[in-house]
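Take a look at the structure below.
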Amino acid sequence: MRRDLMRFIASRILLILFALFGLSVLIFVLARVLPGDPARMAAGWAAPDYAVEAMRKKLGLDKPLPLQYVSWLSDVLKGDLGYSIYTRRSVTIDAMQYLPKTLELILLTEIFSILGGIILGTLAGAFPYRLPDNVVRVLAYVAISMPAFVWAIILQLIFARAIPLFPAGGQLSPEVIPPPQITGFIMLDSLISGRLDCFMDALHHTILPALSLSFGSMMQNARILRMGMTDIRGKDFMLLGDALGLPFRLRVLRYQLKPASIPAITAMGMSVGADLANAFLVENVYNWPGFSRYGVTAMLNKDLNAIVAVVLVVGVVYAIANFIVDLMVIWLDPRIRHGVRSS
Amino acid sequence: MTRTQLILAILVLIIIIGAAAYFLTLPPAATPTPTSPTTTPTTTPTEMTTPPTTTVPAKKTLRVFLTAPIQMDPAVILDWASYQSVQNTYDTLVRLGLAGDIDPKLGLAERWDVSSDGLTYKFYLRKGVKFHSGRELTSKDVVFSMERLLKIGQGPAAIFAPIVDSIKAIDDYTVEIKMKQVYGPFLYALSTFYVLDSEEVKQHIKPTGEYGEMGDYGKEWLLTHDAGSGPYKIKEHLVGERLVLERFKDYWGYVNPNAPDEVTILPAPEAATQVSMLLRKEIDITYTLPAETIKEMMGREGVGVSNQLFGQQFVFVLNTKRPPLDDVHIRRALAYALDYEQARKAFLEEFSQPAIGPVARYIPGAPKDVTYYTRNLALAREELRKSKYYNELDKYPIELWWCAEAAFEEKPSVVFATSVMELDPKLKIEVVKKPWASIYDATFKVESTPHITVLLSTPWFPEVGSYLELKFHSKYAGKSLIHVSWLLNSTIDKMIDDALSTVDQSARFSKYKNILEVINSMVPEIVAFDYGMAVLYRKDYIISWPAGEGKPPYAVQYMYDFRFMELKG
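Protein sequence lines correspond, in order, to chains A and B. When we follow the numbering used here, the leftmost residue of the first sequence carries the number 203, and every step to the right adds one. When we follow the numbering used here, the leftmost residue of the second sequence carries the number 299, and every step to the right adds one.
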């Protein structure tokens, strides 16, 4: 069993590496067909030709495209994501500064999304076509049909302007001195340096953006879970459970929720990557100095290395989230476990 | 009570206690600045009669939204937001004062001489100017800064590379600059040349750079640190996230006693967030906002609207080489057809004013008595009839491009198209929204440059010669987004060269007037209006902000001159 599992994990890792390689080639080429000459944009519109050529050389744009890719790939493998013409420093440094901020936001988003999704989905699945299910259904329609940035603005207007319970934007209050940078995650750094005030302030600032980003995926998770639970409810073993008079909690939580959670967990895994990619509008509304906003600005400024880096990071997060989901599904579903063994 | 109920009750209790603890341990809500850095010691009733001992004055902080990231290296700055920050951190040899012209009291050079042939400038530096490092500024720093700027070749180097031949230190306080050619507005151009602490930069050079023995010329270090002598110094710079400037106590020049002690510059979020943060006093100056938002907030208590004039104009640039715009009569007809008043209304009427031509009316060197086009359909039709295209206007549809990233360009563009339709329905203008990068790419070549491009035109430095040279001299053709009209007229080139090589200011300004009159008659562009940048600010806190109130000096870098601001308290 262990060897089969190891083989399965190894094959998945290989597949992920192959997918990331393909993604890197694709985005590397696509970024270069966007309009605009990055060397001139970086040096300035009327910059002397010698400065434009120096910039072209610095960016490696004087070489043929395949050579550019090889050189870029070898640098990436050494941990150097290239030079950003937008921030005028290494993209690696940019990623180290901005990514933790978005990951912190995504972490809270996923906590809301998963917990909310499970609670609401279980309620709807346990009482199909009754009040909880109907309420969840309506909420789901509203939440999924509205983009996250609309939620961001609505929540901000209500809870920051009309009822000022939360700050309107930023990651920390201006009067709070930020913690020393250790990991780049403000909440974590606050805890490490014993700054509870700072931790609470950062958490206070994260709640509204995380909630707005989580609504869509939360309700999607709830709907998928509810669907799985109602499917299972009609199975023979559930009827037998009913006939035997098994307690409600045992029926719902063990026999109904557990098997129904597999598709929901897969959806949750997918939503991690999607939330990371979609976070830019919410980051813009809440003035969140994150990686997604950095990516969008990079695209507008034709910052080639930054564009490629952002897409790759989103790809890696997607891949890791899916990989974890695969492992969880194997752990949850004995049929799949056996399938792994037999293969 | 069942076990489930017990668990639920405990959960509810935990949530209530948690929420209470959360809100109780929160830091106080954002309060109107100023904030005191020290806490007042608590006093017992018996101590009440005793006068307080030493008190620390309250720290006046200012929080501003600007474009991110801010570039803090004076040799690479391109965008206006970076100019604001560099301007407050570094000094220039000469700078414009509150009267609008060069003020020798404000620059590093106390006085200067120009040789009779106009090719040599000698600057006599002020003594006792301290860098933020504590070192005294001398002529070797000026030489180092100019050489560094020219070697890097980016940002303001585009102004100096074609004209500066050499620079040398005569002694510790005298600098000599030799020119490749006579350049009349050189002193005005120098208002964009910032002086760095050469020792400080050399200490932080990264050896693996592209500038030979100078390594990276300190570019990486200067992203997050400063080597200036300006009234503010960098306290913290997290690129793209937060820039904190603090007052430099040993600054040699004038600073308002109630100027901010500390300024935090943050990237600008969505318009709604900006307004919410302003109303909640979480920010003191917003960034550019839609006209509707500005109008909605005008007159609201405690909120001011700035009108910063820095030479910006809303311009419809005509490609003079594409039919039917290659015919001057068509161009004049369009200039007479535009409903200028409606265009201003479609923008932000209160912060715009009629133009006198392709230079803002208040910039040094702008003539006061030049008349520009106003709407006159009779004259427009007359011009149209003189055109060789008059009988086949419908065969030449005209495309007008506006920038997708600047939504406020759309309405005046539509006004332009409808104005022209009123002139003659056969003249069709198609208004097209294009991404900035596409406009940028297209305007490198005459054949891909659209018939009409909307541009927000700003001079490089505050003098009319800067506008004329960039926009109409043939040597800038093909430099995208600068010279878009493709005028390519040797007479105009000669007139501009002649004016720019005139050192005598009044003679040069008078030549500018002649050039403007000729250019206006050729209509390479139609200037819809001059305008000032409107941002919202806390009027209850910022008592005086000369640039925000539309006062001089009029140049892009002086808009957020924190030293002249006066804060409450």
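Beta carbons are placed, not taken as given, at the ideal position from N, Cα and C, and that holds for glycine. Quick caveat: nothing in here was measured; it's all calculated off a predicted structure.
Within chain B, the residues that residue i reaches when beta carbons sit closer than 7 Å
{"i": "A:K280", "result": "By Cβ distance, chain B contributes nothing, its closest Cβ being about 14 Å from A:K280, past 7 Å."}
{"i": "A:Y252", "result": "G451"}
{"i": "A:T289", "result": "P367, V537 and G538"}
DSSP three-state assignment for residue i, whether helix, strand or coil
{"i": "A:F230", "result": "helix"}
{"i": "B:D514", "result": "coil"}
{"i": "A:F387", "result": "coil"}
{"i": "B:Q369", "result": "coil"}
{"i": "B:Y858", "result": "coil"}
{"i": "B:H890", "result": "The question about residue 890 of chain B has no answer, for chain B in this structure spans 299 to 867."}
{"i": "A:L325", "result": "helix"}
{"i": "B:E648", "result": "helix"}
{"i": "A:S292", "result": "strand"}
{"i": "B:T347", "result": "Note that B:T347 has pLDDT 39, beneath the 50 cutoff, so the model's placement of it is unreliable and no number is given."}
{"i": "B:K500", "result": "helix"}
{"i": "A:H406", "result": "helix"}
{"i": "B:T342", "result": "Here B:T342 scores only 37 on pLDDT, less than 50, and its place in the model should not be relied on; the value that follows carries that caveat. In this structure, B:T342 counts as coil in the three-state DSSP scheme."}
{"i": "A:S315", "result": "helix"}
{"i": "B:Q611", "result": "strand"}
{"i": "B:S604", "result": "coil"}
{"i": "B:P330", "result": "In this prediction, B:P330 has a pLDDT of 42, which is less than 50 and means its spatial position is unreliable; what the coordinates show is noted afterwards. The answer is coil: DSSP assigns B:P330 none of H, G, I, E or B."}
{"i": "B:F643", "result": "Here residue 643 of chain B turns out to be Lys, not Phe, going by the sequence shown. B:K643 falls in the helix class under three-state DSSP."}
{"i": "B:S717", "result": "helix"}
{"i": "B:S746", "result": "coil"}
{"i": "A:M554", "result": "Within the shown structure, residues of chain A are numbered from 203 to 545, placing residue 554 of chain A beyond reach of any answer."}
{"i": "B:T584", "result": "coil"}
{"i": "B:P565", "result": "strand"}
Chain B residues whose Cβ lies nearer than 9 Å to that of residue i
{"i": "A:P491", "result": "A366, L536, G538, E539, R540, L564 and P565"}
{"i": "A:K260", "result": "E508"}
{"i": "A:L502", "result": "E703, P733, W734 and A735"}
{"i": "A:Y496", "result": "G538"}
Proximal residues of chain A, C-beta to C-beta of residue i below 7 Å
{"i": "B:S574", "result": "Q358, A362, R363 and A370"}
{"i": "B:Y774", "result": "A248"}
{"i": "B:E767", "result": "In chain order: nothing, as chain A lies at least about 10 Å away."}
{"i": "B:A456", "result": "G246, A248, A249 and P250"}
{"i": "B:E518", "result": "R291"}
Whole-Å CB distance - residue i paired with residue j, under 8 Å assumed
{"i": "B:A664", "j": "B:V762", "result": "5 Å"}
{"i": "B:L494", "j": "B:A525", "result": "5 Å"}
{"i": "A:F417", "j": "A:W490", "result": "About 17 Å; that fails the 8 Å criterion."}
{"i": "B:V374", "j": "B:I465", "result": "Between B:I465 and B:V374 the Cβ distance is about 19 Å, and since that is not below 8 Å, they are no contact."}
{"i": "B:S650", "j": "B:Y829", "result": "4 Å"}
{"i": "B:Y388", "j": "B:P372", "result": "6 Å"}
Closer than 8 Å at the beta carbon, the chain B residues around residue i
{"i": "A:Q299", "result": "L536, V537, G538 and E539"}
{"i": "A:L514", "result": "Here the premise fails: no neighbours, minimum Cβ distance about 19 Å."}
{"i": "A:A481", "result": "Chain B residues near A:A481: none, gap ~13 Å exceeds 8 Å."}
{"i": "A:A256", "result": "G451 and E508"}
Residue i: contacting residues in chain A (beta-carbon distance under 8 Å)
{"i": "B:A946", "result": "Past the edges of chain B, shown from 299 to 867, lies residue 946 of chain B, and the structure says nothing about it."}
{"i": "B:R361", "result": "P376"}
{"i": "B:E707", "result": "What B:E707 touches in chain A: nothing, since even the nearest Cβ is about 16 Å away."}
is_contact[residue i, chain D] using C-beta, thresh 8 Å
{"i": "A:P376", "result": "Although the question refers to chain D, the structure presented lacks it and instead comprises the protein chains A and B."}
Closer than 9 Å at the beta carbon, the chain A residues around residue i
{"i": "B:L646", "result": "Correct list: empty, because the minimum Cβ distance to chain A is about 23 Å."}
{"i": "B:E544", "result": "Within chain A, no residue comes near B:E544; the closest Cβ sits about 14 Å away, beyond 9 Å."}
{"i": "B:L521", "result": "T289, R290 and R291"}
{"i": "B:A459", "result": "A249, P250, Y252 and A253"}
Open item on the list: Closer than 7 Å between beta carbons: that is the criterion. Which residues of the stretch 364-382 of chain B meet it against chain A?
Closed with: P367, Q369, V374 and L376
Open item on the list: Counting only Cβ-Cβ distances shorter than 8 Å, please list the residues of the stretch 588-604 of chain B near chain A, keeping chain order.
Closed with: none
Task: the stretch 400-417 of chain A contacting the stretch 313-325 of chain A, beta-carbon criterion three pairs below 8 Å - done: yes
Open item on the list: If contact is defined by three or more beta carbon pairs under 8 Å, each pair taking one atom from either stretch, is the stretch 346-362 of chain A in contact with the stretch 378-396 of chain A?
Closed with: no
- [ ] Pair every Cβ in the stretch 602-619 of chain B with every Cβ in the stretch 745-755 of chain B, then say whether three or more of these pairs are closer than 8 Å.
- [x] yes
Open item on the list: Across the stretch 495-513 of chain B and the stretch 816-835 of chain B, are there enough close Cβ pairs to call them in contact, namely three or more that are closer than 8 Å?
Closed with: no
TODO: Pair every Cβ in the stretch 333-349 of chain A with every Cβ in the stretch 433-450 of chain A, then say whether three or more of these pairs are closer than 8 Å.
DONE: no
TODO: Determine contact between the stretch 443-454 of chain A and the stretch 391-410 of chain A, defined as no fewer than three beta-carbon pairs at a distance below 8 Å.
DONE: no
Task: the stretch 835-851 of chain B / the stretch 761-780 of chain B touching (three or more Cβ pairs under 8 Å) - done: no
TODO: Could you tell me whether the stretch 455-462 of chain B touches the stretch 418-437 of chain B, using the rule of 3 or more Cβ pairs below 8 Å?
DONE: no
Open item on the list: For the pair the stretch 421-436 of chain B and the stretch 535-555 of chain B, tell me if three or more CB-CB distances fall below 8 Å.
Closed with: yes
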